[in-house]
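Here is the structure we will look at.
Shown next as structure tokens:
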């Protein structure tokens, strides 16, 4: 996968597998020192998408245990099955390990069965889905409402509370709404955190659609967009709403462009555009604390930071991955912390406040000063990851090898970071 070359011989494949296995073994040996929590679960099928659900989305199955017992959290994932196998949108319950569990997990002589009991992951709800779930995201204002992207052009909206407890065996996908406007599939999908029901989507057809699902719709199986935006000359890879300005959203694509849009602009043209990277741009995210900052991730293997007041040049480019960047996400609590996942099987955690710090020669070999941590628990492309809203250093990641991992780096790694969260942003400005 990582070589990107179609002419790889069988020997090369075997060598690469061997290399990946060696890396994984090293990671496993070192993981007790690197993590406070690390849980692995093999899903039946790989998921291309993952998102922690807030507690109120849990519904009747998701009652919480008292604070001294194990904490239960829920995740939104999907399936990517092969051939004719049924696909599902899934709500998954994760029983988080308590402090005692973490200590016990570090003991290697523990009975495998006990370990399995502890890192429990259970499917709470299956919803029939047409084709694989390219992406699934819940509406922040009403977390039981979930939008998905599928191989079909339409965007599906499901109300998890009204969908049947067990999926119909006929496999029919019955979303509560179908949003039309695209004529090809895509991945980009984002709910507006300031305007309930407002959803933006990007597609391989090079267009962007915005819908208001809360408006009155005569036909719920064919909801027309409020507006279709055309500014990209190729596939739109990702879209995102601004976190503090309700009319602003951004988009990135295979045309290497980063575009900023304003719904209030009459001519429906982007208000800002920049050729952001030397290859396709796969993802973007607006910083939740600083209204001017956003991050992009590209097939050129870099993550870039931009200041919307001056997009002529990027503020910084991070070079911590060896293959294309698939997803970027800002930490919801610490404003200088940014995560990225890649085709190179890694999830990197970056800290903008460490840019330019002096390093010893040994440290420099490990990576740039801003590379706080690199998660190496996956053995294939990491498709998506998500920061927990309950525990600001907890992450869930999913990879093409069917593995879902919940992990939290050891506190000694980030402890010194918790001190001055506000200073670095001012430095950046």
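In this note's numbering, the protein residues as written are 21 to 449. All C-beta atoms in this analysis are idealised placements derived from N, C-alpha and C, irrespective of residue type, glycine included.
(1) Would you say the segment 314 to 322 touches the segment 292 to 303, given that touching needs at least three Cβ pairs under 8 Å?
(2) Where does residue 60 sit, in a helix, a strand or coil, going by DSSP?
(3) Put residue 40 into one of helix, strand or coil per three-state DSSP.
(4) Could you please give me the residues that DSSP links to residue 165 through a beta bridge?
(5) Can you list, in chain order, the residues of its chain with a C-beta nearer than 7 Å to that of residue 291? Leave out the 5 residues immediately preceding and following it.
(6) Relative to the alpha-carbon of residue 141, which residue among 423, 434, 430, 432 has its alpha-carbon at the smallest distance?
(7) Check this for me: beta carbons of residue 224 and residue 255, under 8 Å apart or not?
(8) Keeping to the same chain, check which residues put their C-beta closer than 6 Å to that of residue 328; ignore five residues upstream and five downstream.
(9) Is the beta carbon of residue 209 sitting closer than 8 Å to the one on residue 157?
(10) Do residue 153 and residue 98 have their CB atoms nearer than 8 Å?
(11) Use the C-beta contact count for residue 419: other C-beta atoms within 10 angstroms, 16 or more gives buried, fewer gives exposed.
(12) Note down the Cα distance separating residue 244 from residue 351, rounded to an integer number of angstroms.
(13) According to the Cβ coordinates, are residue 236 and residue 310 closer than 8 Å?
(14) Buried or exposed for residue 195, going by 16 or more other Cβ atoms inside 10 Å?
(15) Pick helix, strand or coil for residue 435, following the three-state DSSP scheme.
(16) Quick check on residue 261: does DSSP put it in helix, strand or coil?
(17) Need the endpoints of the alpha helix (DSSP H) that residue 384 sits in, please.
(18) Between which two residues does the beta strand (DSSP E) harbouring residue 270 extend?
(19) Rounded to a whole number of angstroms, what is the C-alpha to C-alpha distance between residue 171 and residue 204?
(20) Express the C-alpha separation of residue 294 and residue 274 in angstroms, rounding to a whole number.
(21) Could you spell out where the beta strand (DSSP E) holding residue 155 opens and where it closes?
(22) Using the Cβ count rule (16 or more neighbours within 10 Å means buried), how would you classify residue 426?
(23) Roughly how many whole angstroms lie between the Cα atoms of residue 276 and residue 403?
(24) Alpha carbon to alpha carbon, how far is residue 368 from residue 434? Give it in angstroms, no decimals.
(25) Spatial neighbours of residue 201 within its chain, please: C-beta separation below 7 Å, excluding the five flanking residues on both sides.
(26) Spatial neighbours of residue 241 within its chain, please: C-beta separation below 8 Å, excluding the five flanking residues on both sides.
(27) Could you tell me which of 405, 388, 382 sits nearest to residue 362, measuring between CA atoms?
(28) Leaving out the 5 sequence neighbours to the left and right, which residues in its chain are closer than 8 Å to residue 162 when beta-carbon positions are compared?
(29) Using alpha carbons as the reference points, say which of 323, 69, 110, 117 lies closest to residue 334.
(30) Beta-carbon within less than 7 Å of residue 349's beta-carbon, same chain only, minus the 5 sequence neighbours each way: which residues are those?
(31) Bridge partners for residue 336 per DSSP, in chain order?
(32) Quick check on the DSSP output: the beta strand (DSSP E) that includes residue 140 runs from which residue to which?
(33) Just to confirm my understanding: we take residue 343, look at its own chain, exclude 5 residues before and 5 after, and list those with CB closer than 7 Å. What are they?
(34) Which residue wins for smallest C-alpha separation from residue 103, given the options 151, 191, 33, 43?
(35) Quick check on the burial criterion: 16 or more other C-beta atoms within 10 angstroms. Buried or exposed for residue 253?
According to the structure data:
(1) Using a Cβ-Cβ distance cut-off of 8 Å, the segment 314 to 322 and the segment 292 to 303 are in contact, since at least three pairs of beta carbons, one from each stretch, lie closer than that value.
(2) Looking at residue 60 - three-state DSSP - the assignment turns out to be strand.
(3) helix
(4) 179
(5) Excluding residues within five positions, the ones whose Cβ falls inside 7 Å are 280, 281, 282, 285.
(6) Of 423, 434, 430, 432, the residue nearest in Cα terms is 423.
(7) yes
(8) 312
(9) yes
(10) Yes, Cβ-Cβ distance for residue 153 and residue 98 is below 8 Å.
(11) buried
(12) 34 Å
(13) Contact flag unset, no.
(14) The residue is buried, with at least 16 neighbouring Cβ atoms inside 10 Å.
(15) helix
(16) strand
(17) Its alpha helix (DSSP H) spans residues 381 to 386.
(18) First-last of the beta strand (DSSP E) with residue 270: 268 to 273.
(19) Rounded to the nearest angstrom, the two C-alpha atoms are 8 Å apart.
(20) 13 Å
(21) 155 to 158
(22) buried
(23) 20 Å
(24) 13 Å
(25) 229, 244, 245, 248
(26) Exclusion of the five residues before and after residue 241 leaves 197, 198 as the residues of its chain whose Cβ lies within less than 8 Å of its Cβ.
(27) 405
(28) 216
(29) Measuring from the Cα of residue 334, the nearest candidate turns out to be 323.
(30) 305, 359, 405, 406, 407
(31) Residue 336 is bridged to 325.
(32) No beta strand (DSSP E) holds residue 140; DSSP gives it neither H nor E.
(33) 22, 321, 362, 363, 364
(34) 151
(35) With fewer than 16 Cβ atoms within 10 Å of its Cβ, residue 253 is classed as exposed.
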